[in-house]
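Residue numbers 7 to 788, in the numbering used here, belong to the letters of the sequence shown in order. For each residue, glycine too, the CB sits at the ideal point set by N, CA and C. One structure is given below, encoded as structure tokens.
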Amino acid sequence: MDTTIDEITKLKSGTPAEKMAVLTSLAKQQTPAAIGLLTDSLADPKWVVRKHACDLLIAFGPKLIEHLAKVLASGNEDQKFWVVKALVALGRDSVPVLIKALNKGSKSMRVHAAAALGEIGDTVAVPYLVAGLGDGIWRVRRNCYEALLRFGDKTLGELRKAIFSDNEDVAFWSAKALGKLGEKSREILLEALKTGSNQLKFIIAAALGETGDTRVINILITNCKESSWIVQKRSSEALAEIGPLAIPGITGALVKATEPQNYWLLSALAHMGDPGVAALEKLLVDEGENFRWNVKELLARVGEPVLPVLERLTRHKDKEVRFFAINCLGDLPASASTDAALLRGLTDHAWSIRKISADALVSRGAVVLDRLNLALDTGDEDLRFWVTYIFRKMGTMGLQYLIKALGDSNKNIAYFAAGALGDVKNPQVVHPLVRALGDPYWPVRKQASESLRKLAEISVPQLINHINDEDENIQHWVLKTLTAIGPTGTADIIRLLKKGNEEQRFFAARALGVIRDPVAVEALAEALSDGNEWVRLYAAIALGEQGDTRAISHLIRSLGEPSFKMHANIAELFHKFGERAVPELLLALKSENVAVVRNALKILGSLQARSALDEVKSFLAHQNEELRVSACEAIACFKQEPDTVEILFKQLARTTSERARLRILVAAGDVSREEVVPPLVEVLEISGNQRERDAVTGILVGMGDRALPSLVNLLGNPRVTARKSAAELLIRVGEKVRPYIEASLTRDDVNVHYWSSKILRALDEAKVGAAKPEPSPERSDA
Numbered sequence: 007m008d009t010t011i012d013e014i015t016k017l018k019s020g021t022p023a024e025k026m027a028v029l030t031s032l033a034k035q036q037t038p039a040a041i042g043l044l045t046d047s048l049a050d051p052k053w054v055v056r057k058h059a060c061d062l063l064i065a066f067g068p069k070l071i072e073h074l075a076k077v078l079a080s081g082n083e084d085q086k087f088w089v090v091k092a093l094v095a096l097g098r099d100s101v102p103v104l105i106k107a108l109n110k111g112s113k114s115m116r117v118h119a120a121a122a123l124g125e126i127g128d129t130v131a132v133p134y135l136v137a138g139l140g141d142g143i144w145r146v147r148r149n150c151y152e153a154l155l156r157f158g159d160k161t162l163g164e165l166r167k168a169i170f171s172d173n174e175d176v177a178f179w180s181a182k183a184l185g186k187l188g189e190k191s192r193e194i195l196l197e198a199l200k201t202g203s204n205q206l207k208f209i210i211a212a213a214l215g216e217t218g219d220t221r222v223i224n225i226l227i228t229n230c231k232e233s234s235w236i237v238q239k240r241s242s243e244a245l246a247e248i249g250p251l252a253i254p255g256i257t258g259a260l261v262k263a264t265e266p267q268n269y270w271l272l273s274a275l276a277h278m279g280d281p282g283v284a285a286l287e288k289l290l291v292d293e294g295e296n297f298r299w300n301v302k303e304l305l306a307r308v309g310e311p312v313l314p315v316l317e318r319l320t321r322h323k324d325k326e327v328r329f330f331a332i333n334c335l336g337d338l339p340a341s342a343s344t345d346a347a348l349l350r351g352l353t354d355h356a357w358s359i360r361k362i363s364a365d366a367l368v369s370r371g372a373v374v375l376d377r378l379n380l381a382l383d384t385g386d387e388d389l390r391f392w393v394t395y396i397f398r399k400m401g402t403m404g405l406q407y408l409i410k411a412l413g414d415s416n417k418n419i420a421y422f423a424a425g426a427l428g429d430v431k432n433p434q435v436v437h438p439l440v441r442a443l444g445d446p447y448w449p450v451r452k453q454a455s456e457s458l459r460k461l462a463e464i465s466v467p468q469l470i471n472h473i474n475d476e477d478e479n480i481q482h483w484v485l486k487t488l489t490a491i492g493p494t495g496t497a498d499i500i501r502l503l504k505k506g507n508e509e510q511r512f513f514a515a516r517a518l519g520v521i522r523d524p525v526a527v528e529a530l531a532e533a534l535s536d537g538n539e540w541v542r543l544y545a546a547i548a549l550g551e552q553g554d555t556r557a558i559s560h561l562i563r564s565l566g567e568p569s570f571k572m573h574a575n576i577a578e579l580f581h582k583f584g585e586r587a588v589p590e591l592l593l594a595l596k597s598e599n600v601a602v603v604r605n606a607l608k609i610l611g612s613l614q615a616r617s618a619l620d621e622v623k624s625f626l627a628h629q630n631e632e633l634r635v636s637a638c639e640a641i642a643c644f645k646q647e648p649d650t651v652e653i654l655f656k657q658l659a660r661t662t663s664e665r666a667r668l669r670i671l672v673a674a675g676d677v678s679r680e681e682v683v684p685p686l687v688e689v690l691e692i693s694g695n696q697r698e699r700d701a702v703t704g705i706l707v708g709m710g711d712r713a714l715p716s717l718v719n720l721l722g723n724p725r726v727t728a729r730k731s732a733a734e735l736l737i738r739v740g741e742k743v744r745p746y747i748e749a750s751l752t753r754d755d756v757n758v759h760y761w762s763s764k765i766l767r768a769l770d771e772a773k774v775g776a777a778k779p780e781p782s783p784e785r786s787d788a
């Protein structure tokens, strides 16, 4: 007993040599316990121990087969492996046990039994191995198949019957085995391939494809044109499996006839790997345009497997080949690879290829948006242009990307995007287009305006909100756009004028003034009673733009606004009314509001309303100096009235305020007649106010040629101060006075001669001084 315990201990933890010694000792005992320890050792960690245990078990002979069969059913994988080795070594005596295991054993038993039967090679096992080809476990079927191959021609009878089995797995693996077994077995398959059912042809085609037997190529090519889809499919797959050897037959058949069934031949080439891709590429190039277009739809059906061919063709030197390839790519489902090829087509040097690439990407729809967006960030301007074109064609789907393109640094792209957004009737585009009205590039601003005009139905409400935009460009183009939109947008603006908030009503009134649609007159007339003064003002301006006299009284009311100067266009409106405005303006002169009276005087003057002249003159005696000066400024507008100059200088003489005098002098200068020169020079003589003298000098110099004859005449004035002032002014004018001065030398007046000569000398000195070169800086040795 102690010895047994010692042996067991060594089997568990001894060295391989100790274990093998114990096993040898146990084998001599031939007791069930010893046999059990031997079979346990088939799972030992060391291969040499497992091998030694197996050899010892084999030495027991056939009497141990039943025991080994039990181990095959219950042992671990190592034990099963060595049991199979032992059973194989025991030869034919093991066959019944192995057949039983193959028929009824566990999955693992069946796997190992099939392999063992093949190694033993007893033909008794053949029918059982053939039956095992239909096992539910692939490894069992595979081991039965490999076992049958070991038997060679001895299996032909069973396999010939098996290919007609109702079990497709049995038929397939049998056909596959026949394909591998040699000449005789393949003859069986070839005959069945010609005469068998579609199902059998399908099975045999699949099996032969794996064998790579080139003799069946023509039959498989013929089968690709069978009516049965499954036969066509398997025959095509078989040709792809055969590989390059099948290429000549396939290409020959493709060239010979154009028919729908050629799809399967094209598919075979496409699935053949690099050799098939190269062959298909050569075929599409060499066979010409008609062949290419005849197979185009078939290539689309083949799908992604033809992508490598088409990608290579997109780089071909022949434009027609590239054009065809891009067309085909457009037929393939969207994928990263196909879309990348189409994007590359957008950079082709041929416009037609860029165009069809773009159209193909448009047809992809939403799935390509992100890829196109990435392309929009590239440095390739041509690519960005075509991507923008695609977004335009996509309509709403491409909206956000077009808006992004609107800010592109390439202004041609921004211009194109601005135009493209005009075709997208979506409110989201309006604000970006309005902001584009401020783009530094004029064509972008112009195109954005055009798009907003096309989108008038949705753009008008937002446009009027930007009438007073801080950006002058935007403000200018908003007004320009609204003007171009014209009556189309009137209904929306009237609705805002009536029902909008204060800001909207204000902008609506301004917009209607720009559009000048007669339809808006009544709505504007109603707005004259609006609770907001600015709405009333701009409603009046809008009415004035259309010449509606109902606006006059409201416009006159605005004359008292402190910010009247901000609305110089109001004064222009009175010019549109002309004499029709005079009665209301005369009534305004009776107002107690000084600002109203002052501005009414200015407008009457600018209108040169002779019917109001006497009323204007009456203000020359008004107690309010501001109104007296305003009357002077108004009278100065009547330039052709004979007493205008006299009135102004009489009023100047009665005025002491510096500010008022300066305004009257400026008004006198605005008359710009020769007779204004002498009194202005007189002011220059006697005035002790330098600002006043500077103002007069500026006025006279500003009069230019109109003042020169009078200034020359003043050189003979009895007063020395007048002569001196005139001479100084003439010298200040410069060379322009020389002809006048030279002509004055012919006069008999001594004073004129004196001052004319002095002026000419001054002009000559100025001329010489201007011509003298600047002195060069001294040279320094430093």
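Taking H437 as the centre and dropping the five residues before and after it, the same chain places the C-beta of Q468 closer than 8 angstroms to its C-beta, in chain order.
Straight through space, the alpha carbons of L502 and L408 are spaced by roughly 30 angstroms. When Cβ pairs closer than 8 angstroms are counted between the two stretches, the stretch 515-528 is seen to touch the stretch 538-554, the count reaching three or more. Under the three-state reduction of DSSP output, F583 falls in the helix class. Under the DSSP assignment, L251 falls outside any alpha helix (DSSP H); it carries neither an H nor an E label. L184 places its beta carbon 9 angstroms or farther from that of C230. Taking 8 angstroms as the upper bound for CB-CB distance, L74 and A92 are in contact here, some 6 angstroms apart. Taking 3 residues as the minimum length, the stretch 498-525 contains no beta strand (DSSP E) run wholly inside it. Secondary structure at V756: helix, using DSSP grouped into helix, strand and coil. When the beta-carbon positions are compared, G158 and L123 stay at least 9 angstroms from each other. One Cα belongs to A420, the other to V450, and the distance between them is close to 7 angstroms. A distance of 9 angstroms or more separates the beta carbons of G309 and I332.
Separation of the CB atoms of L766 and L736 is rounded to 10 angstroms, and the pair is thereby denied contact status at 8 angstroms.
Per the coordinates, the alpha-carbon of L305 lies some 27 angstroms from the alpha-carbon of K399. P648 sits in coil when the DSSP states are folded into three classes, being neither helix nor strand.
Note that the C-beta distance between L461 and V484 is not below 9 angstroms.
Under the three-pair Cβ rule at 8 angstroms, the stretch 111-119 does not count as touching the stretch 53-73.
Contact between the stretch 491-505 and the stretch 471-479 is absent: fewer than 3 CB-CB pairs across the two stretches fall below 8 angstroms. With fewer than 16 other Cβ atoms from the protein chains shown falling within 10 Å of its own Cβ, K288 counts as exposed. In the DSSP annotation of this structure, the continuous segment of the alpha helix (DSSP H) that includes C334 starts and ends at 325-337. When secondary structure is reduced to three states using DSSP, N418 falls in the helix class. Excluding its 5 nearest sequence neighbours in each direction, S559 has C-beta neighbours in its own chain below 7 angstroms: E590, listed in chain order.
I64: member of the alpha helix (DSSP H) spanning 53-64, first to last residue. Within the same chain, Cβ atoms closer than 7 angstroms to the Cβ of E632 are found at V600, R604, the five residues on either side in sequence being excluded. Where N432 is concerned, there is no enclosing alpha helix (DSSP H), because DSSP gives it neither an H nor an E. Nearest to V726 by C-alpha distance, out of W88, P339, W761, A526, is W761. Counting C-beta atoms within 10 angstroms of its own C-beta, H118 has 16 or more neighbours from the protein chains shown and is therefore classed as buried. Of the residues R660, G413, K190, R370, the one whose Cα lies closest to the Cα of L162 is K190. Annotation: L461 is outside any alpha helix (DSSP H) and is labelled neither H nor E by DSSP. When the five nearest sequence neighbours on each side are left out, the beta carbons in the same chain lying within less than 6 angstroms of the beta carbon of Y395 are those of A364, in order along the chain.
About 17 angstroms separates the beta carbons of A198 and I223, which is beyond the 8 angstroms limit, so they are not a contact pair.
DSSP, reduced to helix, strand and coil, places C150 within a helical segment of the structure shown. The beta carbon of K645 sits closer than 6 angstroms to those of V677, all from its chain and outside the five residues before and after it, given in chain order.
When secondary structure is reduced to three states using DSSP, S233 falls in the coil class, being assigned neither helix nor strand. Scanning its chain for C-beta atoms nearer than 6 angstroms, with the 5 sequence neighbours on each side dropped, one finds around R511 the residues L503, V541, in chain order.
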